[in-house]
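Visitor:
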């Protein structure tokens, strides 16, 4: 009995915590979704019962089909050792692909998904905070000129605080969002009582009737209806933190009902008072509650933005360790929680992106088109990658997989088509961001491959090397030298340079290769492999998952299980520091080579990435033409 109570308590705690991380994005959509749906420029909908019921029916069934069925019922089952998100889905699909062509297709689609995630990460804080602060103009129009400055100050403060970690205030996220969703439900119920017939919209007939009577207008409105499902990807991405069950239970028992009640309440409000369409969310409440509601909404959007930024850090680390982006500094902001990390470069780039979005678009309405394109592309990519997983991993037959793909790909394509027509109205932004990022990511990926191949072809075979130095091994110095190399069977350039210039070989020489798995975590027993070579040389491989923290000195201690011990004070790390020169060739365009060289020069040092002791590291340079 006690065990059961303890389990239930733990599930409840996880569910409340999930409110603050998982559901922040989708939970703040009521701030702007209904307003945008009924305010789509020249195609603005008439505020009559037929249209309102049609829109509410579309919202309900979009939430049911996309979030409840597609993501929670199906895609969240595609976990990579418990982890979710676009990178986990990519690695899971790619791991089981049988041909190089299929791997290339999956890799390209996955990278595009990651690029859209970053575009989404720039738009989400901007539209969320803007929509919350826009409520102050209802208090008095004189506050209108302060909306953008206040938004920029909040965004700056949000990003500035990232280096401090969220541990100090993170415990508040769940309770604040609990209050937020209770407020959504209460406001919805209060307004539904005024026009209870809006509940008829639960019947899908009204959605079909809406399309049948005014297809063109209804199709265009889908571009704004999709705003109601923003954040669906977060449910899957944060699965590794909370598990599928807490997210599933919280969604069906609390979040989904609260959202539906609020949307239906807004529908009831605009039917009874069409003038409230200028900001139906805030006008749901009595005037005296506007200011407290603005404050609560601001906190909710800050939490939603915080979750988005944290997600960007997590995806960036995964992308880094899978080889999609250059090395960069990763700081751990919590001693207890490995997942709490801070990437300074990503943080400030993202902040500049978010602030630029605010200054370019100026209000939440102008951002709707950009947001819609990013969301629908994420949805499309998730469906396609899931299809690969169902076939390659779950071994579904083609009929079963084809049915899933046909249903949800059709839904995704319809929503995407409704948004892509708004390219000139803001939809261009995520496309431009996505194209720039995929150019950089593919360039880095291919450039690293070319560099590795160049170094491999120029390196000496380790067996031949050991035979050639047999006669000169008498003058060995005390201590251990560790040479980092991507090719365990070749001689590192740093070793050759050290032998050439310093004319010494340590008594113990370790050729260390760092390997990154397409699994999120590597088991402790599989992390380290040691092979003994002649003349007290060793080949050591340390394997990491794409979510594992990298700390070479700490993980090298595991070598003692294989009879290889290190004295930290008597160990030196030798690193090759390549100076790249781009040269025109047929392998990659000269422009992309120049981009790769620039990215390579800007990348974080191996010393920082792997937490090597700075005073024990020796860098030996070499010039490489690519």
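In the working numbering, the protein residues as written are -14 to 611.
A virtual CB, placed ideally from N, CA and C, is assigned to each residue, including glycine.
Need the endpoints of the alpha helix (DSSP H) that residue 197 sits in, please.
Guide: Residues 190 to 198.
Visitor: Does the count of Cβ pairs from the region 238 to 256 and the region 94 to 103 closer than 8 Å reach three?
Guide: No contact exists between the region 238 to 256 and the region 94 to 103.
Visitor: Assuming contact is defined by CB atoms lying nearer than 8 Å, are residue 216 and residue 8 in contact in what I supplied?
Guide: In contact: residue 216 and residue 8 (Cβ atoms closer than 8 Å).
Visitor: In angstroms, rounded to a whole number, what distance separates the CA positions of residue 571 and residue 581?
Guide: Between residue 571 and residue 581, the C-alpha separation is close to 15 Å.
Visitor: How big is the Cα-Cα spacing for residue 81 and residue 377?
Guide: Cα to Cα, residue 81 sits roughly 6 Å from residue 377.
Visitor: For residue 400 versus residue 364, is the C-beta distance shorter than 8 Å?
Guide: Going by C-beta atoms, residue 400 is nearer than 8 Å to residue 364.
Visitor: I believe residue 85 touches residue 79 by the beta-carbon criterion, under 8 Å. Please report the beta-carbon distance rounded to the nearest angstrom.
Guide: That belief does not hold up - the Cβ atoms of residue 85 and residue 79 are roughly 11 Å apart, past 8 Å.
Visitor: Check the C-beta distance from residue 335 over to residue 165 and give it rounded, since I have them as a contact under 8 Å.
Guide: Their Cβ separation, rounded to whole angstroms, is 24 Å, which puts residue 335 and residue 165 out of contact at 8 Å.
Visitor: Comparing C-alpha positions only, which one of 532, 211 and 135 sits nearest to residue 41?
Guide: When only C-alpha atoms are compared, the closest one is 211.
Visitor: Report the CB separation of residue 330 from residue 314 in whole angstroms; it is logged as a contact under 8 Å.
Guide: Contact flag correct, Cβ pair sits at about 7 Å.
Visitor: Bridge partners for residue 491 per DSSP, in chain order?
Guide: Beta-bridge pairing links residue 491 to 462.
Visitor: Using the Cα positions of residue 277 and residue 506, report the straight-line distance between them to the nearest angstrom.
Guide: Roughly 44 Å separates the two Cα atoms.
Visitor: Quick check: what's the CA-CA separation for residue 351 versus residue 263?
Guide: Cα to Cα, residue 351 sits roughly 14 Å from residue 263.
Visitor: Assuming residue 537 and residue 596 make a contact with CB atoms under 8 Å, what is their CB distance in whole Å?
Guide: At roughly 7 Å, the Cβ-Cβ gap stays under 8 Å, so residue 537 and residue 596 are in contact.
Visitor: With a cut-off of 8 Å, do at least 3 Cβ pairs link the region 460 to 478 to the region 433 to 452?
Guide: Short answer: they touch.
Visitor: Under the rule that 16 or more other beta-carbon atoms within 10 Å means buried, what is residue 23, buried or exposed?
Guide: When all chains shown are included, residue 23 counts as buried.
Visitor: Considering only their Cβ atoms, is the gap separating residue 607 from residue 482 smaller than 8 Å?
Guide: Taking 8 Å as the Cβ cut-off, residue 482 and residue 607 qualify as a contacting pair.
Visitor: Give the DSSP-derived three-state secondary structure of residue 317 in the structure shown.
Guide: Residue state, collapsed to three classes: strand.
Visitor: From 534, 177 and 119, pick the residue whose C-alpha is nearest to that of residue 269; which is it?
Guide: If we check each option's Cα against that of residue 269, 177 comes out closest.
Visitor: Looking at the structure shown, is residue 179 part of a helix, part of a strand, or coil, going by DSSP?
Guide: Coil at residue 179, not helix or strand.
Visitor: Which parts of the region 510 to 593 are runs of the alpha helix (DSSP H), unbroken and 4 residues or longer, counting only runs that do not cross its ends?
Guide: You should have 537 to 540 and 575 to 587.
Visitor: By DSSP, does residue 470 sit in helix, in strand, or in coil?
Guide: If DSSP states are grouped into helix, strand and coil, residue 470 belongs with coil.
Visitor: Excluding the 5 residues preceding and the 5 following residue 292 in the sequence, name in chain order all residues of the same chain whose CB lies nearer than 6 Å to its CB.
Guide: If we look at residue 292 and ignore the five residues flanking it on each side, its Cβ neighbours are 6 and 9.
Visitor: So, at 7 Å on beta carbons, what are the nonlocal neighbours of residue 431 in its own chain, with the 5 sequence-adjacent residues on each side left out?
Guide: Correct list, in chain order: 573.
Visitor: What are the complete alpha helix (DSSP H) segments, minimum 4 residues, inside the region 363 to 408?
Guide: List check, alpha helix (DSSP H) in window: 383 to 405.
Visitor: Assign residue 553 to one of two classes, buried (16 or more other C-beta atoms within 10 Å of its C-beta) or exposed (fewer than that).
Guide: Residue 553 should be labelled exposed.
Visitor: Express the C-alpha separation of residue 44 and residue 190 in angstroms, rounding to a whole number.
Guide: Near 13 Å, if we compare the C-alpha coordinates of residue 44 and residue 190.
Visitor: Starting from the Cα of residue 368, find the closest Cα among 228, 197 and 56 and give me that residue.
Guide: Here the closest residue by C-alpha is 56.
Visitor: Apply the 10 Å Cβ neighbour rule to residue 533 and answer buried if 16 or more other Cβ atoms are within range, or exposed otherwise.
Guide: By the 10 Å Cβ count, residue 533 comes out buried.
Visitor: Are residue 545 and residue 464 closer than 8 Å when you measure CB to CB?
Guide: In this structure, residue 464 does not lie closer than 8 Å to residue 545 by Cβ.
Visitor: Which first and last residues belong to the alpha helix (DSSP H) in which residue 339 is found?
Guide: Counting along the chain, the alpha helix (DSSP H) containing residue 339 begins and ends at 329 to 346.
Visitor: Leaving out five residues on either side along the sequence, give the residues of the same chain with a beta carbon under 7 Å from the beta carbon of residue 288.
Guide: Hits under 7 Å: 5, 9, 158, 161 and 162.
Visitor: Using 8 Å as the threshold, is the C-beta distance between residue 69 and residue 222 below it?
Guide: Contact: yes.
Visitor: Are the beta-carbon atoms of residue 39 and residue 273 separated by less than 8 Å?
Guide: Contact flag unset, no.
Visitor: With residue 632 and residue 584 assumed to form a contact (beta carbons below 8 Å), what rounded beta-carbon distance in angstroms separates them?
Guide: The structure shown has nothing for residue 632, since the chain only spans -14 to 611.
Visitor: For the alpha helix (DSSP H) that contains residue 608, what are its first and last residues?
Guide: Not the alpha helix (DSSP H): residue 608 falls in the beta strand (DSSP E), residues 602 to 610.
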